[in-house]
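Going down the list, the sequences are from chains C and A. Just so we're aligned, residue 1 is where the first sequence starts under full-length UniProt numbering, counting upward by one. Just so we're aligned, residue 1 is where the second sequence starts under full-length UniProt numbering, counting upward by one. Notes follow the structure.
Number of protein chains: 2
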Amino acid sequence: MSWSPDHKERSRQRILMTAARLFAQQGFDQVSIDQVMSAAGMTRGAFYAHFTSKSELYGEAILTAARNARDTRLGPNAETDQHLERVVNAYLSGEHVSGDGLHCPLAFLVSDIAQRDEQVRDIWTRVFRGLVDVVRQEQDDSGYARALQHVVMMIGGVAIARALNDEALIRTLLESCRTAILDASIDTTKAGTIGICRTPSASA
Amino acid sequence: MSWSPDHKERSRQRILMTAARLFAQQGFDQVSIDQVMSAAGMTRGAFYAHFTSKSELYGEAILTAARNARDTRLGPNAETDQHLERVVNAYLSGEHVSGDGLHCPLAFLVSDIAQRDEQVRDIWTRVFRGLVDVVRQEQDDSGYARALQHVVMMIGGVAIARALNDEALIRTLLESCRTAILDASIDTTKAGTIGICRTPSASA
DNA sequence: GTCTATATGGTGATAGAC
DNA sequence: GTCTATCACCATATAGAC
């Protein structure tokens, strides 16, 4: 069973993919090592041949989820010629909020991170900077503050949408967030009019 | 000991105030009933004379925290003649993010809520609508979408700031969020220029 | 209404067989 | 490298004394 040279690495990747999905959907505390390992087709005892602690797995799973989410949204080559509109529409979509696929750990775990150790918070912060860079590269000017505002609108919008218990409100919220970002970017190229102020119905 | 007529009510309030603080700072799973009751000066066994489950306490604690945070930010009378600027500056402040006092459950618990039961999510959604109404009443026009955008920027900004592990980045982020909201509201009264697009340094 | 004691079960982490 | 078995601990919730 274990004679393949990359057997361990494939097991590790199976654990990480499973953990990335489970942690994003349920958070750190609600996911047990047993649950991750069972879903990955192993038992709890095998876990410590790959990771030293649950916290270490959490950090690695956040990195895995971030890479996969980025590849899904931007394509595996991660070129920088994507349009901001495409990224924003994919991120602030109903599928991202409620889908069964991979989810962005920035939005899904944001209020889970403050409770974790330094290593985990460092990783989350690094992933956050990565998203800011993506947004900054794909908008027309290079304003750092504006990229931050866009990312707050993206992460905040998805995180709040996931918490809300009202489908109609969720749709309105996501649309408002998309409008705030995209109108701000479009309008700023032509002398600068409102971004955040537009209502969704006025953006058509 | 228990002959005072409102003894039970005062105990209940002590439990709720303690729970509101602990839950906001540490989330649902990291806070035990024992921890809440000990901090409230009682033992675990007394808990079930006041609440039927930990989840019920969580919901009530969110309501308590929201009322207290609102009173702190807007004054106990909750008049509607407060300025948006005052609310936003208090909300998107370093003290709110890192302070020891009361914290807004909307920002501190946002990604904790999706894992909870229907009752808790209903309460959180109701509190969310309350903040949207506050912001809508205190801005100059009554655009619902714009109020949603402001609230996303407030909640998202504080939630992200709490997760980040870099003090300088946190300060820049909070300032960018304040600028996005306040410039949008100021500028829209005079023909409508950029809100979300402004950099903090350009807003002076 | 609050206490102590307990039933019941899950958890992270380790030990040792294969 | 993965398994089963186990340690040590902490959780929610309940029962019954006062």
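All residues carry an ideal CB built from backbone N, CA and C; glycine is no exception.
Interface partners of residue i on chain C, CB under 8 angstroms
i        : result
A/Ser111 : Gly27, Ala107, Phe108, Leu109, Val110, Ser111, Asp112, Ala159, Arg162 and Ala163
A/Leu173 : Leu148 and Val152
A/Phe23  : Correct list: empty, because the minimum Cβ distance to chain C is about 11 angstroms.
Residues near residue i by beta carbon distance below 7 angstroms, same chain, minus five either side
i        : result
C/Val132 : Ala147, Leu148 and Val151
C/Arg86  : none
C/Gly157 : Leu92, Leu173, Leu174 and Cys177
C/His83  : Glu138
A/Arg44  : Ile33, Asp34 and Met37
A/Ile155 : Leu106, Ala107 and Val110
A/Met153 : Cys177, Ala180 and Ile181
Backbone CA spacing between residue i and residue j [nearest angstrom]
i                      : j        : result
C/Thr72                : C/Val135 : 16 angstroms
A/Arg21                : C/Arg129 : 30 angstroms
A/Asp34                : C/Val31  : 22 angstroms
A/Gly101               : A/Met17  : 11 angstroms
C/Ala163               : A/Trp124 : 8 angstroms
C/Val88                : A/Ser4   : 58 angstroms
A/Gly99                : C/Ile15  : 37 angstroms
C/Ser185               : C/Asp122 : 30 angstroms
C/Thr52                : C/Leu106 : 24 angstroms
C/Val110               : A/Ala159 : 6 angstroms
C/Ala168               : C/Ala161 : 10 angstroms
C/Gln119               : A/Asp6   : 48 angstroms
A/Ala90                : A/Ile181 : 13 angstroms
C/Asp141               : A/Leu57  : 48 angstroms
A/Glu9                 : C/Arg12  : 53 angstroms
C/Cys197               : A/Ala145 : Confidence at C/Cys197 is low in this model, with a pLDDT of 47, below 50, so the placement of that residue should be treated as unreliable; the coordinate-derived value is given next. Rounded to the nearest angstrom, the two C-alpha atoms are 8 angstroms apart.
A/Gly195               : C/Asp183 : Interpretation of A/Gly195 is limited by its pLDDT of 47, a score under 50 that renders its predicted location unreliable; the figure taken from the coordinates is listed afterwards. Roughly 11 angstroms separates the two Cα atoms.
C/Asp166               : C/Ala49  : 44 angstroms
residue 213 of chain C : C/Ala65  : An answer regarding residue 213 of chain C cannot be provided, because it is not within the stretch 1 to 204 covered by chain C.
A/Gln25                : C/Gly41  : 36 angstroms
C/Gly143               : A/Phe47  : 52 angstroms
C/Arg171               : C/Val97  : 11 angstroms
For residue i, the three-state DSSP class (helix, strand or coil)
i                      : result
C/Lys190               : With a pLDDT of only 44 at C/Lys190, under the threshold of 50, the placement of this residue in the model should not be trusted, and no figure is reported.
C/Leu102               : coil
C/Gln115               : helix
C/Met154               : helix
A/Gln139               : coil
A/His83                : coil
A/Met17                : helix
C/Asp34                : helix
residue 211 of chain C : No statement about residue 211 of chain C is possible, as the shown extent of chain C runs from 1 to 204 and does not include it.
A/Phe28                : helix
A/Leu63                : helix
C/Leu92                : coil
C/Asn165               : coil
C/His50                : coil
A/Ser4                 : coil
A/Leu109               : coil
Chain C residues whose Cβ lies nearer than 7 angstroms to that of residue i
i        : result
A/Gln137 : Per Cβ cutoff of 7 angstroms: no residues; A/Gln137 is ~17 angstroms from chain C at best.
A/Ser176 : Ala145, Leu148 and Gln149
Own chain partners of residue i with C-beta closer than 6 angstroms, once the 5 adjacent residues on each side are dropped
i        : result
C/Asp117 : Ser55
A/Cys104 : Ala69
C/Ala39  : Thr18
A/Asp112 : Gly27 and Phe28
C/Lys190 : Residue confidence is low: C/Lys190 scores 44 on pLDDT, short of 50, so the model does not pin down where it sits. No coordinate-derived value is stated.
C/Arg67  : none
Closer than 9 angstroms at the beta carbon, the chain A residues around residue i
i        : result
C/Arg121 : Ala163, Leu164 and Asn165
C/Ile155 : Gly156, Ala159 and Ile160
Closer than 9 angstroms at the beta carbon, the chain C residues around residue i
i                      : result
A/Thr125               : Ala163, Leu164, Asn165, Asp166 and Leu169
A/Thr18                : Result: empty, since nearest Cβ-Cβ is about 18 angstroms, beyond 9 angstroms.
residue 206 of chain A : As displayed, chain A neither begins before 1 nor continues past 204, which places residue 206 of chain A out of reach and without an answer.
A/Thr179               : Ala145 and Gln149
Under 7 angstroms by beta carbon: chain A residues contacting residue i
i       : result
C/Gly45 : Neighbours of C/Gly45 on chain A: none; closest Cβ ~24 angstroms, over 7 angstroms.
Own chain partners of residue i with C-beta closer than 8 angstroms, once the 5 adjacent residues on each side are dropped
i        : result
C/Glu95  : Gly101
C/Ile62  : Ala20, Phe23, Pro105, Leu109, Val120, Ile123, Trp124 and Val127
A/Ala114 : Arg121
Under 8 angstroms from the C-beta of residue i: neighbouring residues of chain A
i       : result
C/Arg51 : The sequence shown places Phe at residue 51 of chain C, not Arg. Neighbours of C/Phe51 on chain A: none; closest Cβ ~20 angstroms, over 8 angstroms.
C/Gln13 : Near C/Gln13 there are no residues of chain A at all, since even the closest Cβ is about 26 angstroms away, more than 8 angstroms.
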